[in-house]
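Engineer: Residue numbers (my numbering): 61 to 522. What follows is a single structure, and I will ask about it in a moment.
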């Protein structure tokens with residue numbers, strides 16, 4: 061009898077949970093994480109009473125110091141660090157000097173790209189700072205320029221700063237094999253603030269951030285409520301998440317977009333120039349079946365220890381997926397990263413949002429698939445030629461003094477730009493691989509002037 065009663069109670073509990081599977085998780089936890097570790101070149105610059113500016117080594121963040129902020133030359137620095145912030149985008153930037161309360165606000169500017177939004181509205185981006193105890197805080201006023209793709213805030217003292225999404229679907233992008241499944245959830249970063257600045261003993265009060273997990277009743281796949289068998293089916297789960305079930309075939313529109321609407325009108329302090337209260341959150345899911353992932357990396361080394369700027373190292377990375385469905389290659393999830401330049405000189409990146417670098421994939425121009433010829437060649441051979449794309453290398457203005465007797469201008473990149481004439485267009489021009497399991501090295505070259513590596517591997521189940 062006791063076993064029967066226990067079974068009935070368990071059944072009621074499960075049924076009740078299933079009926080309330082779209083309930084909101086109202087528990088908001090403090091946004092506290094460990095402090096990040098150095099992850100990039102530290103940039104230092106002395107700025108005096110006339111003011112000035114300094115840009116991070118990757119060109120993603122800028123600090124503006126107004127005239128009169130300091131009475132004597134002071135060393136300012138920006139150190140990129142690893143990003144542990146919930147919903148954080150890109151790197152965290154540690155600012156120095158710490159422990160100093162400035163007499164007037166300094167401005168920090170973040171430059172964001174489509175990679176930081178991943179299909180979501182740029183108005184969902186905001187800025188956070190971290191104190192020495194790991195708590196993430198919100199500056200009192202943030203300005204978003206969706207045209208220039210910048211986020212700006214005023215600060216009176218330094219800490220670690222980062223841009224993050226107020227709300228997003230986790231994961232923001234993923235790969236799922238046909239007929240596979242994936243769990244998704246909505247993660248929000250909540251804070252309350254006012255447009256006015258608040259000060260205690262001359263120090264600006266920052267508002268603490270909290271992390272919240274929520275759910276929604278209506279999920280869509282490619283605009284279809286609950287999806288369908290062609291694009292995948294999604295359903296809300298009882299633990300404030302949703303389950304996406306991939307279709308049995310690769311859809312014609314790939315990746316598919318899983319979307320849900322989020323109302324930010326009450327509990328979010330978003331940038332003050334936002335235009336809506338309800339935003340659509342997006343997760344881009346790539347459906348694959350026997351596809352191949354291509355990972356690319358190039359390193360170019362130029363300059364000289366005795367030359368202005370010293371030794372310059374330009375690094376570029378990228379990736380894409382090749383689908384061989386119906387023996388007709390198509391490209392999915394093309395990721396073209398911007399080039400990252402490091403050198404022995406303090407510098408200002410002049411084209412931080414357009415320096416495509418040596419690697420860039422724009423599409424397929426032509427292809428050839430050679431059938432297998434056992435026993436000597438049991439696998440098909442795939443060759444792909446890519447659409448030509450112009451190269452734009454990093455250009456930077458040297459802020460360090462030139463070597464004695466140097467007479468030319470202080471902008472680097474002129475000699476590097478000349479390389480584009482030799483290359484003709486961005487790499488890769490073409491790749492060749494076997495349609496088999498495992499990893500293959502399509503290109504692997506290295507010398508004193510740099511390296512180029514292109515890896516092809518068949519995608520496995522997660």
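Here a beta-carbon is modelled for each residue, glycine too, at the ideal position from N, C-alpha and C. Every value quoted in this text rests on a predicted model; they were computed, and no experiment measured them.
Assuming residue 187 and residue 213 form a contact by the criterion Cβ under 8 Å, report the distance between their Cβ atoms to the nearest whole angstrom.
Structural biologist: Here residue 187 refers to the residue found at position 127 of the chain shown. Here residue 213 refers to the residue found at position 153 of the chain shown. Contact flag correct, Cβ pair sits at about 5 Å.
Engineer: With 16 as the cutoff for other CB atoms within 10 Å, does residue 149 come out buried or exposed?
Structural biologist: Position 89 of the chain shown, counting from 1, holds the residue named residue 149. Answer is buried; the Cβ neighbour count reaches 16.
Engineer: If you run the structure through DSSP and keep just helix, strand and coil, what is residue 177?
Structural biologist: Counting from 1 along the chain shown, the entry for residue 177 is found at position 117. If DSSP states are grouped into helix, strand and coil, residue 177 belongs with the helices.
Engineer: Apart from the five residues on each side of it in sequence, which residues of its chain come closer than 6 Å, Cβ to Cβ, to residue 502?
Structural biologist: Numbered from 1 along the chain shown, position 442 holds the residue referred to as residue 502. Contacts found: 491, 493, 514, 516.
Engineer: Give me the DSSP bridge partner(s) of residue 227.
Structural biologist: The residue given as residue 227 occupies position 167 in the chain shown. Residue 227 pairs with 248.
Engineer: Who pairs with residue 268 in a beta bridge, going by DSSP?
Structural biologist: One-based indexing of the chain shown puts residue 268 at position 208. DSSP, once it has assigned bridges, lists 197 as partnering residue 268.
Engineer: As a quick exercise: from 403, 142, 228, pick the residue whose alpha carbon is nearest that of residue 177.
Structural biologist: Mapped onto the chain shown, residue 177 falls at position 117. Here the closest residue by C-alpha is 228.
Engineer: Taking just the CA atoms, how far does residue 458 sit from residue 373?
Structural biologist: Taking the chain shown and counting its residues from 1, the one referred to as residue 373 is at position 313. Taking the chain shown and counting its residues from 1, the one referred to as residue 458 is at position 398. Roughly 15 Å separates the two Cα atoms.
Engineer: Name the one or two DSSP bridge partners that residue 140 has.
Structural biologist: Locating residue 140 in the chain shown gives position 80, where the first residue counts as 1. Answer by DSSP bridge pairing, in chain order: 153.
Engineer: Could you tell me the alpha carbon to alpha carbon distance between residue 137 and residue 322, rounded to whole angstroms?
Structural biologist: Against the chain shown, residue 137 aligns to sequence position 77. Against the chain shown, residue 322 aligns to sequence position 262. Spanning the two alpha carbons is a distance of roughly 38 Å.
Engineer: Have a look at the DSSP bridge pairing and note the partners of residue 237.
Structural biologist: To locate residue 237, count along the chain shown from 1; it is residue 177. In the DSSP output, where bridge partners are listed per residue, residue 237 has 348.
Engineer: Should residue 351 be labelled buried (16 or more other beta-carbon atoms within 10 Å of its own) or exposed?
Structural biologist: By one-based count along the chain shown, residue 351 stands at place 291. Classification for residue 351: buried.
Engineer: Please list the terminal residues of the continuous beta strand (DSSP E) segment that includes residue 378.
Structural biologist: One-based indexing of the chain shown puts residue 378 at position 318. Where residue 378 is concerned, the enclosing beta strand (DSSP E) stretches over 371 to 383.
Engineer: For residue 495 and residue 421, which I take to be in contact (beta-carbon distance under 8 Å), what is that distance rounded to the nearest angstrom?
Structural biologist: For the purposes of this step, residue 495 is taken as residue 435 along the chain shown, with counting starting at 1. For the purposes of this step, residue 421 is taken as residue 361 along the chain shown, with counting starting at 1. About 19 Å; that fails the 8 Å criterion.
Engineer: Just grab the DSSP bridge partners of residue 88 for me.
Structural biologist: The residue labelled residue 88 in the question sits at position 28 within the chain shown. DSSP, once it has assigned bridges, lists 272 as partnering residue 88.
Engineer: Can you give me the start and stop residues for the beta strand (DSSP E) that residue 426 sits inside?
Structural biologist: Within the chain shown, numbered from 1, the residue matching residue 426 stands at position 366. 424 to 430 is the extent of the beta strand (DSSP E) around residue 426.
Engineer: Evaluate residue 369 with the Cβ neighbour count: other Cβ atoms within 10 Å of its Cβ, from every protein chain shown; 16 or more gives buried, anything less gives exposed.
Structural biologist: On the chain shown, residue 369 is found 309 positions in, with the first residue counted as 1. Buried, since its Cβ has 16 or more Cβ neighbours within 10 Å.
Engineer: With 16 other CB atoms within 10 Å as the buried threshold, where does residue 133 fall?
Structural biologist: Position 73 of the chain shown, counted from the first residue, corresponds to residue 133. Burial call: exposed.
Engineer: Could you tell me the alpha carbon to alpha carbon distance between residue 396 and residue 174, rounded to whole angstroms?
Structural biologist: On the chain shown, residue 396 is found 336 positions in, with the first residue counted as 1. On the chain shown, residue 174 is found 114 positions in, with the first residue counted as 1. Spanning the two alpha carbons is a distance of roughly 11 Å.
Engineer: Apart from the five residues on each side of it in sequence, which residues of its chain come closer than 7 Å, Cβ to Cβ, to residue 19?
Structural biologist: The requested residue 19 is not part of the displayed model; the chain covers only 61 to 522.
Engineer: In three-state terms, what does DSSP make of residue 393?
Structural biologist: On the chain shown, position 333 is the one that residue 393 refers to. Three-state result, residue 393: strand.
Engineer: Compute the beta-carbon to beta-carbon distance between residue 384 and residue 423, rounded to the nearest angstrom, for a pair I have assumed lies under 8 Å.
Structural biologist: Numbered from its first residue, the chain shown carries residue 384 at position 324. Numbered from its first residue, the chain shown carries residue 423 at position 363. That pair is no contact at about 16 Å.
Engineer: Distance check for residue 232 and residue 224, CA to CA, integer angstroms please.
Structural biologist: Your numbering for residue 224 matches position 164 in the chain shown. Your numbering for residue 232 matches position 172 in the chain shown. Using only the alpha carbons, I get a separation of about 13 Å.
Engineer: Is there contact between the segment 111 to 127 and the segment 404 to 422, where contact requires at least three CB pairs shorter than 8 Å?
Structural biologist: Taking 8 Å as the limit for Cβ pairs, the verdict is that the segment 404 to 422 does touch the segment 111 to 127.
Engineer: Please report the distance separating the alpha-carbon of residue 440 from that of residue 221.
Structural biologist: Within the chain shown, numbered from 1, the residue matching residue 440 stands at position 380. Within the chain shown, numbered from 1, the residue matching residue 221 stands at position 161. Rounded to the nearest angstrom, the two C-alpha atoms are 50 Å apart.
Engineer: Run through DSSP, which three-state label would residue 302 get?
Structural biologist: Locating residue 302 in the chain shown gives position 242, where the first residue counts as 1. In the structure shown, residue 302 sits in a strand (DSSP, three-state: E or B).
Engineer: Going by DSSP, what residues sit across from residue 208 in a beta bridge?
Structural biologist: Reading the chain shown from its first residue, position 148 is the one you call residue 208. None; residue 208 has no bridge partner.
Engineer: Going straight from the alpha carbon of residue 504 to that of residue 498, what length do you get?
Structural biologist: What you label residue 504 is simply residue 444 of the chain shown in a count that begins at 1. What you label residue 498 is simply residue 438 of the chain shown in a count that begins at 1. Going from the Cα of residue 504 to the Cα of residue 498 covers about 17 Å.
Engineer: Thinking residue 345 and residue 310 are a contact (beta carbons under 8 Å), I'd like their distance in whole angstroms, please.
Structural biologist: If you number the chain shown from 1, residue 345 lands on position 285. If you number the chain shown from 1, residue 310 lands on position 250. 12 Å between Cβ atoms; not a contact.
Engineer: Can you name the start and end residues of the beta strand (DSSP E) that residue 282 belongs to?
Structural biologist: Here residue 282 refers to the residue found at position 222 when the chain shown is read from its first residue. Unbroken run through residue 282: none, as it is neither H nor E.
Engineer: Is the number of C-beta pairs between the segment 87 to 102 and the segment 157 to 168 that are closer than 8 Å three or more?
Structural biologist: Result no; under three Cβ-Cβ pairs closer than 8 Å.
Engineer: How would you write the range of the beta strand (DSSP E) that residue 131 sits in, first residue to last?
Structural biologist: Taking the first residue of the chain shown as 1, we reach residue 131 at position 71. No beta strand (DSSP E) holds residue 131; DSSP gives it neither H nor E.
Engineer: Around the C-beta of residue 360, are 16 or more other C-beta atoms found within 10 angstroms, so that it is buried, or is it exposed?
Structural biologist: Within the chain shown, residue 360 is the residue found at index 300, counting from 1. Buried, by the Cβ-count rule.
Engineer: Can we count residue 157 as close to the ligand MN, meaning its CB is less than 7 Å from some heavy atom?
Structural biologist: Of ligands this structure carries none, so the ligand MN is not represented either.
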